[in-house]
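The opening position of the sequence shown corresponds to residue 0 in numbering that gives the first Met the number 0, with each subsequent residue numbered one higher.
Remarks on the structure that follows.
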Amino acid sequence: MLPLTSGIVGLTVVAMIMSFGNGIGSGVVMTLGADVAPPGNRLRFLSMWRLMGDTGNAAGPVVVSVVAGLTTLAWAPRHSPFATPAMMRAHRVAANGTA
């Protein structure tokens with residue numbers, strides 16, 4: 000289906016269909032896990048494979064949010080360099096017409 004697309008809308012539709020199919024099935028990642036699993040211990044390997052994948056899926060957004068929250072607050076200015084008393088008076092005069 001992908002080679003038949005010619006624009007962004009077609010590509011988006013095909014990607015959504017492929018994602019839906021991957022989501023309701025075992026998925027490509029589990030197939031790769033089954034391919035690399037040792038033949039004598041396939042069940043234990045695949046259960047740990049799935050546990051690690053699901054843990055990453057659950058913890059990933061939390062870790063990214065915490066890092067984004069901490070790093071963006073670290074550089075945030077404590078005050079505006081433009082908020083001087085003269086600028087405040089000028090803003091008040093412009094808004095009210097009086098000093």
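Every residue gets a Cβ at the ideal spot worked out from N, C-alpha and C, and that includes glycine.
As the structure is a computational prediction, the values presented were derived from the model and not from experiment.
Integer-rounded CB distance, given that residue j should sit under 8 Å from residue i
{"i": "A33", "j": "L45", "result": "6 Å"}
{"i": "V13", "j": "L1", "result": "5 Å"}
Between the CA atoms of residue j and residue i - distance to the nearest angstrom
{"i": "A36", "j": "G22", "result": "21 Å"}
{"i": "M29", "j": "R41", "result": "12 Å"}
{"i": "G26", "j": "T70", "result": "34 Å"}
{"i": "H90", "j": "H78", "result": "17 Å"}
{"i": "L10", "j": "R43", "result": "38 Å"}
{"i": "S15", "j": "D53", "result": "Residue identity differs from the one stated: residue 15 is Met in this sequence, not Ser. For M15 and D53, the distance between alpha carbons rounds to 21 Å."}
{"i": "G59", "j": "G39", "result": "32 Å"}
{"i": "I7", "j": "M87", "result": "49 Å"}
{"i": "N56", "j": "L3", "result": "32 Å"}
{"i": "A67", "j": "W48", "result": "28 Å"}
{"i": "T83", "j": "G20", "result": "59 Å"}
{"i": "V100", "j": "A93", "result": "With the chain running from 0 to 98 in the structure shown, residue 100 is simply not present."}
Segment limits, alpha helix (DSSP H) that includes residue i
{"i": "L10", "result": "I7 to I23"}
{"i": "G26", "result": "G26 to V35"}
{"i": "P84", "result": "P84 to N95"}
Closer than 8 Å to chain B by CB, residue i
{"i": "G39", "result": "The structure shown contains no chain B, having only a single protein chain."}
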